[in-house]
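Reading through the structure tokens given below for one structure.
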Amino acid sequence: MPTILFIYGWRLFFYSNEGNEPIHVHAEKGDMECKYWLLVEEIEIREEFSFNLTPSERREIKKIIYQHFDLIVRSWENHFNK
5 MPTILFIYGW RLFFYSNEGN EPIHVHAEKG DMECKYWLLV EEIEIREEFS FNLTPSERRE
65 IKKIIYQHFD LIVRSWENHF NK
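Listed below in structure tokens is the structure:
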């Protein structure tokens with residue numbers, strides 16, 4: 005379960021057995037959890053799953069993912085395309 009980033013209490017990570025899925029990232033903070041697909045060609049993200057996020061926390065994690073979009077994509081490629 006490689007961790008990509010710790011920021012503002014959020015942990016962004018991958019599960020190592022998900023390399024056959026499209027690029028995505030999991031995030032957790034306290035009892036909140038979510039998963040976002042990264043649409044590389046569109047430079048867009050799409051929520052796949054969320055649990056216990058407030059609207060404010062949803063905005064915060066989306067902003068974090070956008071700000072670190074390239075880092076997440078590079079980390080995915082480095083981990084799954086070894």
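Residue numbering for the sequence shown is 5 to 86, as defined by this note's numbering. For glycine and all other residues, C-beta sits at the position ideal for the given N, C-alpha and C.
Practice task
Check the C-beta distance from L42 over to H30 and give it rounded, since I have them as a contact under 8 Å.
Solution key: Cβ atoms of L42 and H30 stay farther apart than 8 Å, at about 12 Å.
Exercise for the section: From the DSSP output, in three-state form, read off I76 for me. Expected result: The three-state reading of DSSP puts I76 in helix, counting H, G and I together.
Problem - Contact under 9 Å by Cβ, I76 with I65 - result: The Cβ-Cβ distance between I76 and I65 does not fall below 9 Å.
Exercise for the section: To the nearest angstrom, report how far apart E61 and R15 are at their CA atoms. Expected result: Cα-Cα distance, rounded: 13 Å.
Problem - Spatial neighbours of M5 in its chain, beta-carbon cut-off 8 Å, leaving aside the 5 residues before and after - result: Counting only Cβ-Cβ distances below 8 Å, and skipping sequence neighbours, we find F17, F18, Y19, S20.
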